[in-house]
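Enquirer: The opening position of the sequence shown corresponds to residue 1 in the UniProt record's numbering, with each subsequent residue numbered one higher.
Ideal placement from N, C-alpha and C gives every residue a C-beta, glycine not left out.
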Amino acid sequence: MKTSTDELLVFATVIDAGSITAAAEKLQQTVSGVSRALSRLEKQLGVALILRTTRRLQLTEEGELFLERARAILAALEDAEEAVTRHRERPSGRLRVDAATPFMLHCVVPHVAAFASAYPEIQLELTNNERIVDLLEQRVDIAIRIGALQDSTLHARALGTSRLRIVASPAYLAAHGTPRTLAALREHRLLGFTAPAHLNRWPLRADGAHGPQAASPGATEPPGFTIQPALSASSGETIRQLALAASGIACLSDFLTVGDREAGRLVTVLDSALIEERQPVHAVYYRNAALAARVQCFLAFITGRLQLDP
């Protein structure tokens, strides 16, 4: 298509205004600019649209036909722009959110009803993955990830941090005793992850000293205590349930256990040997994609309700 919408607008405005000068004023353009646009349009079409006289402008037969179609095109374009504006101002459509099962169950699901009430025209699709998913491949709009980010092609919004703690059920400790040292901890049933391996490095001081522990010179791993799990699972929620069922001692994030600790279902152990380690929590999405209104709404909504540390 050779004709631009700007040229259509110039043509229609000239007719509506009654003169090229009046049209130029209305469009906030120069008279010569409007005249050139009109001449360019006629040249592209190969016909005269307007008969120019010293007193007035008169449409040719072709001009009348073209004006009718031009007005229809401009009206349709205006309707389309208004529809997009309304869509942006009133978010709607499908929103796919992915997170690890524990975070989804404990941090997202409790707020879904309130989000649906605030944004009834957004249809949420929630998926659980213990692994890092490809957003494009899985058609995910937002992925919530816990821990260090690896993919530099993604844009990330920090949601907060969550501290790791060593926990067990009162029933387990009553049956097996409460470990006071790392040596004693080794004798207990420890609950760990099948993968990745770094999740089985618990933030505990190897020497039992107080205060922050620095890595020793030449160390290739951060300070901590690597466990040999008596029982492993792929999901933090499974490990939480095992801990609640008195199956052993676990290292879990605050967002997963805060309710259990407040209710007394789980208690912390080895607090004096604990290294303060916080897991960063991010919402990630593609850097080169403009955020749709529904994505912006969800991030603003969920960030204000998550009980995470700064």
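Quick check on leucine 77: buried or exposed, where buried means 16 or more other Cβ atoms within 10 Å of its Cβ?
Expert: exposed
Enquirer: Helix, strand or coil for asparagine 129 per DSSP?
Expert: coil
Enquirer: DSSP on leucine 274, reduced to helix/strand/coil?
Expert: strand
Enquirer: Which residues mark the beginning and the end of the alpha helix (DSSP H) in which glutamine 44 is found?
Expert: Taken as a continuous stretch (DSSP letters only), the alpha helix (DSSP H) holding glutamine 44 covers 31 to 45.
Enquirer: Give every residue of the same chain whose Cβ lies closer than 7 Å to the Cβ of leucine 9, excluding the five residues on either side of it in the sequence, and list them in chain order.
Expert: Leu74
Enquirer: Considering only C-alpha positions, which residue in the set Gly33, Ile146, Ile166 and Glu82 is nearest to glycine 192?
Expert: Ile166
Enquirer: Would proline 203 and glycine 236 be called neighbours here (beta carbons separated by less than 8 Å)?
Expert: No; because the gap between Cβ atoms is not below 8 Å, this pair is not in contact.
Enquirer: According to the Cβ coordinates, are alanine 156 and valine 284 closer than 8 Å?
Expert: yes
Enquirer: Taking 8 Å as the cut-off, does the region 236 to 247 touch the region 114 to 124 (at least 3 CB pairs, one atom from each stretch)?
Expert: no
Enquirer: Would a C-beta distance cut-off of 8 Å place serine 232 and threonine 194 closer than the cut-off?
Expert: With contacts defined by Cβ atoms closer than 8 Å, serine 232 and threonine 194 form a contacting pair.
Enquirer: Going by CA-CA distance only, name the one from Leu308, Phe298, Arg261 and Gly259 that's closest to glutamine 279.
Expert: Leu308
Enquirer: In chain order, which continuous runs of the alpha helix (DSSP H) of length 4 or greater are located wholly inside the region 46 to 85?
Expert: none
Enquirer: Assuming leucine 191 is part of the beta strand (DSSP E), what are its boundary residues?
Expert: 190 to 193
Enquirer: Less than 8 Å between the beta carbons of arginine 47 and valine 34, yes or no?
Expert: Checking the sequence, you will find valine at residue 47 rather than arginine. Their beta carbons are not under 8 Å apart, which means valine 47 does not touch valine 34 by this criterion.
Enquirer: Label serine 4 either buried or exposed according to how many other C-beta atoms from any shown protein chain fall within 10 Å of its C-beta, with 16 as the threshold for buried.
Expert: So serine 4 ends up on the exposed side.
Enquirer: Give the secondary structure of alanine 219 by DSSP, where H, G and I count as helix, E and B as strand, and everything else as coil.
Expert: Unreliable positioning characterises alanine 219 in this predicted model, as indicated by a pLDDT of 47, which lies under 50. A coordinate reading is not provided.
Enquirer: Determine the contact status of threonine 60 and leucine 49, defining contact as a CB-CB distance below 8 Å.
Expert: Contact flag set, yes.
Enquirer: Confirm the yes/no value for this check: CB of valine 281, any heavy atom of the ligand SAM, distance under 7 Å.
Expert: Here there are no bound small molecules, and the ligand SAM is not part of this structure.
Enquirer: Could you work out which residue in Arg55, Cys107 and Ser272 is closest to phenylalanine 301 when comparing CA atoms only?
Expert: Each of Arg55, Cys107 and Ser272 was checked against the Cα of phenylalanine 301, and the nearest Cα belongs to Cys107.
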